[in-house]
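Numbering (UniProt numbering), first residue to last: 1 to 286.
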DNA sequence: CGCGAAACCTGACTGC
DNA sequence: TGCAGTCAGGTTTCGC
């Protein structure tokens with residue numbers, strides 16, 4: 001589920017219902033995520049007001065203010081491979097792998113009033129995490145060495161060209177390295193490389209700045225489009241419905257190994273790169 | 001240092 | 001029906 005567009009969609013879906021609300025209760029049903037959920041999380045978080053929700057790469061950052069002393073800390077959530085954050089009606093049956101439940105109430109209500117929503121962290125594979133950060137968050141080890149946001153000005157041909165010099169790694173691995181740029185997962189790495197006609201196994205260090213210009217633009221466009229389409233799932237977070245496959249119908253290569261290239265009709269090739277499915281057109285991508 | 005591979009998990013699916 | 005094997009949207013850590 002969570003490529004960057006889905007994380008951003010989650011952020012946009014949660015924000016209007018969470019911001020200004022108070023965390024009235026925290027229940028940790030399974031603390032064994034990618035990193036253990038801090039034992040003190042419930043104590044730390046209970047009673048805080050959610051100020052805003054940011055995203056850095058695929059991390060969601062919920063800024064939470066202590067009502068009594070004004071202290072602000074951040075709940076940092078990563079959805080891993082299989083995670084989701086959903087708002088449900090309080091009292092909804094808890095599903096297997098709903099590991100954390102945050103009860104949200106109106107800020108005017110008492111702590112023991114009925115919560116308005118329950119925010120549930122669901123993650124079957126438990127590759128995600130839920131951590132507590134002190135400000136400033138950029139100093140945190142998981143965030144400090146991340147590359148630029150793909151939709152920011154800092155992500156351009158110059159950045160990719162400079163960083164790639166001397167690298168023998170395949171361009172697809174380079175593009176998926178969060179130290180190079182955040183948020184480009186397996187699906188969109190495949191798609192972006194197809195769009196600009198670059199062979200996924202080509203050495204990153206041997207690619208021209210002109211081609212990086214096309215590639216950075218393609219990454220930006222694809223992610224922006226996917227976020228736009230993800231917007232249609234916003235309502236579903238509140239309604240508790242499953243997500244529609246907003247990206248699936250638009251994919252040119254991912255999941256289409258053996259099927260004809262949309263551009264030249266030659267059957268698409270699939271290879272494994274670091275155990276990740278890599279699909280490309282051997283004719284269009286060089 | 002840089003790279004590929006292993007590791008962390010569960011569930012869905014395939015083939016015998 | 002069951003069981004073994006493979007694969008899945010991510011990212012850190014290990015080992016060469």
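For each residue, glycine too, the CB sits at the ideal point set by N, CA and C.
| For the ligand NAD, any of its heavy atoms closer than 8 angstroms to the Cβ of residue 42? | Within the structure as shown, the ligand NAD is missing, as the structure has no ligands at all.
| field | Same chain only: Cβ atoms within 7 angstroms of residue 159, ignoring 5 sequence neighbours per side | value | 148
| query | Is the beta carbon of residue 161 sitting closer than 9 angstroms to the one on residue 212? | reply | yes
| query | Between 88, 219, 74, which lies nearest to residue 186 when the distance is taken from Cα to Cα? | reply | 219
| message | Once the 5 residues before and after residue 272 are set aside, which same chain residues still bring their CB inside 8 angstroms of it? | response | 278
| said: Among 37, 52, 188, whose alpha-carbon lies nearest the alpha-carbon of residue 78? | reply: 37
| message | Looking only at its chain, what residues have a beta carbon closer than 8 angstroms to the beta carbon of residue 19, apart from the 5 residues adjacent to it on each side? | response | 50, 51, 52, 53
| said: Alpha carbons only, please: which of 132, 206, 145, 8 is nearest the one belonging to residue 43? | reply: 132
| message | By the three-class DSSP mapping on this structure, what secondary structure does residue 97 have? | response | coil
| Element boundaries [alpha helix (DSSP H), containing residue 229] | 209-230
| query | With a cut-off of 8 angstroms, do at least 3 Cβ pairs link the segment 66-76 to the segment 164-177? | reply | no
| query | If you scan the UniProt domain "FPG-type" (252-286) from start to end, which runs of the beta strand (DSSP E) of 3 or more residues do you find wholly inside it? | reply | 269-273, 276-280
| said: Please tell me whether residue 263 and residue 250 are closer than 9 angstroms, where the distance is taken between their beta carbons. | reply: no
| message | Cutting at 6 angstroms between CB atoms, please list the residues of its own chain near residue 195, excluding the five before and the five after it. | response | 218
| DSSP three-state assignment for residue 17, whether helix, strand or coil | helix
| said: Just to confirm the assignment, what range does the alpha helix (DSSP H) spanning residue 158 have? | reply: 157-164
| message | I need the DSSP call for residue 26, collapsed to helix, strand or coil. | response | strand
| said: If you reduce the DSSP assignment to three classes, tell me which class residue 116 lands in. | reply: coil
| request: State the CB to CB distance for the pair residue 216 and residue 156, rounded to an integer number of angstroms; the pair is presumed to be in contact (CB under 8 angstroms). | output: 5 angstroms
| said: The beta strand (DSSP E) that contains residue 79, what's its start and end? | reply: From DSSP, residue 79 is part of no beta strand (DSSP E); its letter is neither H nor E.
| task | Label residue 9 either buried or exposed according to how many other C-beta atoms from any shown protein chain fall within 10 Å of its C-beta, with 16 as the threshold for buried. | result | buried
| query | Can residue 256 and residue 268 be called in contact, C-beta distance under 9 angstroms? | reply | yes
| Helix, strand or coil: how does DSSP classify residue 43 here? | helix
| So what's residue 125 in DSSP terms, helix, strand or just coil? | coil
| So the alpha helix (DSSP H) residue 49 belongs to, where does it begin and stop? | Residue 49 -> not in any alpha helix (DSSP H); beta strand (DSSP E) instead, spanning 49-56.
| said: If contacts are defined as beta-carbon pairs under 8 angstroms, then residue 102 and residue 23 qualify, I think. What distance do you get, rounded to the angstrom? | reply: 6 angstroms
| The alpha helix (DSSP H) with residue 60 in it runs from where to where? | It is not in any alpha helix (DSSP H) - residue 60 instead sits in the beta strand (DSSP E) that spans 59-65.
| query | With 16 as the cutoff for other CB atoms within 10 Å, does residue 69 come out buried or exposed? | reply | exposed
| task | List the DSSP bridge partners of residue 86. | result | 120
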